[in-house]
Each structure stands twice: as structure tokens, then as C-alpha cells.
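Residue 261 in the numbering used here is what sits at position 261 of the sequence shown, and the numbering runs on without skipping anything. Only one structure is covered here, and it is reproduced in the block below.
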Amino acid sequence: MQPTFDVVRHNRTAWDREVEHGNPWTVPVTSDDVAAARRGEWNVVLTPAKPVPREWFGPLSGTRLLALASGGGQQAPILAAAGARVTVLDNSPRQLARDEEVARRDGLDVRAELGEMTDLSRFPDASFDLIFHPVSNLFVPDVRPVWREAARVLAPGGALLAGFCNSVLFMFDADADERGEVVLKHRLPYSDLASLPRAELDRRIARSEPLEFGHSLQDQIGGQIEAGLVLTGFYEDGFPGRAVDAWTPTFIATRATKLRT
1 MQPTFDVVRH NRTAWDREVE HGNPWTVPVT SDDVAAARRG EWNVVLTPAK PVPREWFGPL
61 SGTRLLALAS GGGQQAPILA AAGARVTVLD NSPRQLARDE EVARRDGLDV RAELGEMTDL
121 SRFPDASFDL IFHPVSNLFV PDVRPVWREA ARVLAPGGAL LAGFCNSVLF MFDADADERG
181 EVVLKHRLPY SDLASLPRAE LDRRIARSEP LEFGHSLQDQ IGGQIEAGLV LTGFYEDGFP
241 GRAVDAWTPT FIATRATKLR T
């Protein structure tokens, strides 16, 4: 694969197709969900299953919140209904359209921005009080710019809530789920572009499947710390029914704050 391959463009098309195919992470919340959130009855996830602790958010009324790489009509509308002033940025126009559909349907103030999670240059420093970043940085080759940009646009005292894969997930054969076995297959660090056999990579590209990258914990957690954030919350989660997760959780959620100067 040529080093000039445009991952951003490919994954934009791929996630637009995921919307067409009804991927569960592209199915919008219902009007009943929004109404419940307006009553204070809500939860959202950063990882596949565990709800984020409510205390991680603090009071949401009037909070300037960036839903980072969080399109799909799921988290952003709920957080807007709970009182936050939400901007959702996503690489997929079709995913953003889901958020806009829910906002129009239920009278929510959600600002949609098409863009890539590693480049938040459109936003001035200290633009947001809270960033909600669910599992999505596995779709970029380098995660450290995500943390640097998140730290820059956070106001002092603001918090970044992030979900991401433990890179151990990428060591194993994804087909193990069907066999009920866990089989070592890839060395770390993992990249679809560099780790897959060429024929399999070509098939994924031809089918417009999202390309994935396994980032080390040094890049995921150490990268947040190096960006100037302080970890104040942590938990692990698994993907229900997947063979690897019977052995170890493969997802992590963190809460990190930007120090007041």
C-alpha cells in the first residue's frame, strides 16, 4: 500500500456506507429517548456497554460540549437534550446527517461540523468545557494529534471523556468469534495498512470497509498526559459475546481534566 493512501477519505466513504447498512452505531435515538433525557433520565456510552458515570459530566446545563468523532444521532442528541450546548464533529457526512435528523425531529440545538478528529483548527483555544470522544480513534493512524487538539480546545478546568480500544484486541484473529477460540495473529503496533496480507487489505478497500489502527497504551494514555491533561477517571469494558473479551476487557474509558492556570 502506498504511503500516500488517503485514510481519511477512505474511512469517510466507509462510514457513509455503514449508515446505509444499518450499523448499530449509526442508528439514531428515538423521540422517547430524547424526552427522557430532558427529564434527566439518560445515559450514554464511551465504550460498547458500560454507561459513563454521571459524575464524570458534572452539571450539563449550558456546558459547551464537543462530541468528537461522535456522529450517528446517538450521544450528541442525548447530551443536548440533557442541557449541553453541543457541537458534533465527525468525518462522515451521513453520520452527521443522523444528528441533524434527530435535532430537527425533536427541536434540539445541535451544531454539526464535518471534519477529522486530528484537526480542530476551526475552533479557537478554550472553546469547550467538555469533550465527549467515544471509541473512534482506531480509525486514524496517529492518535497523539487527537489528544493535543482536544487539550488545546478545552477550557482550563474542562474535561475530556474518551473511550478507546486496548491494542491487545488487534493481536488476535477477528474470526475467532465464530470458532470460540482466541488465536494470536498480529504483532503490535497494528495497522490494517501494514499488518494485513495485501489480498485481504485490497478486499477491505474494495468493499469500502473502515480501516483500523491499534494504538499503544503509551499513545492512548501517555499521549493524554503529554498533551497536558490529568487523568481523573478510568474503567474497562468488553464487547459482549466476543471471544477475546471472555479473557480480558478490550476497551478503556478515561476522564482527563485540563489544569486551571
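Glycine is no exception: its CB is placed at the ideal position from the N, C-alpha and C atoms. These numbers were taken from a predicted model, which means no experiment stands behind them.
DSSP on residue 253, reduced to helix/strand/coil? Indexing the sequence shown from 1 puts residue 253 at position 253. Three-state DSSP puts residue 253 in a strand.
So the alpha helix (DSSP H) residue 13 belongs to, where does it begin and stop? Walking along the sequence shown from the start, residue 13 turns up at place 13. In the DSSP assignment, residue 13 falls within the alpha helix (DSSP H) that extends over 7 to 21.
Report the rounded CA-to-CA distance for residue 155 versus residue 236, giving the unit in angstroms. One-based indexing of the sequence shown puts residue 155 at position 155. One-based indexing of the sequence shown puts residue 236 at position 236. Roughly 27 Å separates the two Cα atoms.
Short check: CB of residue 256 to CB of residue 52, under 8 Å? Translated into positions along the sequence shown, residue 256 becomes position 256. Translated into positions along the sequence shown, residue 52 becomes position 52. No, they are not a contact pair.
Is the distance from the Cβ of residue 189 to the Cβ of residue 216 below 8 Å? In the sequence shown, residue 189 corresponds to position 189, counting from 1. In the sequence shown, residue 216 corresponds to position 216, counting from 1. It is a contact, given that the beta carbons lie within the stated cut-off.
Take the Cβ of residue 31 as the centre, count every other Cβ of all protein chains shown within 10 Å, and call the residue buried at 16 or more, exposed below. For the purposes of this step, residue 31 is identified with residue 31 of the sequence shown, where counting begins at 1. The residue in question, residue 31, is exposed, as its Cβ has fewer than 16 Cβ neighbours within 10 Å.
Under 8 Å by Cβ, that's how I've got residue 258 and residue 229 pegged, so tell me the actual separation to the nearest angstrom. Counted from its first residue, the sequence shown places residue 258 at position 258. Counted from its first residue, the sequence shown places residue 229 at position 229. The beta-carbon distance between residue 258 and residue 229, rounded to whole angstroms, is 6 Å. This is short enough to meet the 8 Å contact definition.
Below 6 Å CB to CB, which residues in the same chain sit around residue 162 once its five sequence neighbours on both sides are set aside? The residue labelled residue 162 in the question sits at position 162 within the sequence shown. Contacts found: 133, 254.
Under DSSP, the alpha helix (DSSP H) around residue 106 begins and ends at which residues? Reading the sequence shown from its first residue, position 106 is the one you call residue 106. First-last of the alpha helix (DSSP H) with residue 106: 93 to 106.
Quick one: give me the first and last residue of the beta strand (DSSP E) that residue 113 is part of. Residue 113 sits at position 113 when you count from the first residue of the sequence shown. Residue 113 -> beta strand (DSSP E) spans 110 to 114.
Write down every uninterrupted run of the alpha helix (DSSP H) in the stretch 189 to 227 whose length is 4 residues or greater and which is fully enclosed by it, in chain order. Complete alpha helix (DSSP H) runs here, min 4: 192 to 195, 198 to 206, 217 to 226.
Relative to the C-alpha of residue 158, which residue among 129, 18, 113, 20 is closest? Within the sequence shown, residue 158 is the residue found at index 158, counting from 1. Considering only alpha carbons, the answer is 129.
Along the chain, where does the beta strand (DSSP E) that runs through residue 81 open and close? The count along the sequence shown starts at 1 and reaches residue 81 at position 81. Segment 75 to 81 is the alpha helix (DSSP H) holding residue 81; no beta strand (DSSP E) there.
Below 8 Å CB to CB, which residues in the same chain sit around residue 247 once its five sequence neighbours on both sides are set aside? As a working mapping, residue 247 is identified with position 247 in the sequence shown. Taken in chain order, the residues that qualify are 182.
Can you have a look at residue 43 and say buried or exposed, based on whether 16 or more other CB atoms are within 10 angstroms of its CB? Against the sequence shown, residue 43 aligns to sequence position 43. Answer is exposed; the Cβ neighbour count stays below 16.
What residue does the beta strand (DSSP E) around residue 236 start on, and which one ends it? To locate residue 236, count along the sequence shown from 1; it is residue 236. Secondary structure note for residue 236: its beta strand (DSSP E) is the uninterrupted segment 229 to 237.
Report the partner residues of residue 159 according to the DSSP bridge assignment. As a working note, residue 159 is residue 159 in the sequence shown. In the DSSP output, where bridge partners are listed per residue, residue 159 has 130, 257.
Let me know the secondary structure DSSP gives residue 138 once reduced to three states. Taking the sequence shown and counting its residues from 1, the one referred to as residue 138 is at position 138. Here residue 138 sits in helix by DSSP.
Exposed or buried, what is residue 72 when buried is set at 16 or more other beta-carbons lying within 10 Å of its beta-carbon? Here residue 72 is taken as the residue at index 72 of the sequence shown, counted from 1. Looking at its Cβ environment, which holds 16 or more other Cβ atoms inside 10 Å, residue 72 is buried.
Between the stretch 140 to 147 and the stretch 114 to 121, do three or more beta carbon pairs fall short of 8 Å? Inter-segment contact for the stretch 140 to 147 and the stretch 114 to 121 is present: three or more beta-carbon pairs are separated by less than 8 Å.
Helix, strand or coil for residue 164 per DSSP? In the sequence shown, the residue the question calls residue 164 occupies position 164. The answer is strand: DSSP assigns residue 164 an E or B state.
Who are the Cβ neighbours of residue 245 in its own chain at under 6 Å, not counting the five residues just before and after it? Counting from one through the sequence shown, the residue named residue 245 turns up at place 245. By the criterion of a C-beta distance shorter than 6 Å, residue 245 is surrounded in its chain by 238, 239, once the five residues flanking it on both sides are discounted.
Report the partner residues of residue 45 according to the DSSP bridge assignment. Taking the first residue of the sequence shown as 1, we reach residue 45 at position 45. Looking at the DSSP assignment, residue 45 forms a beta bridge with 51.
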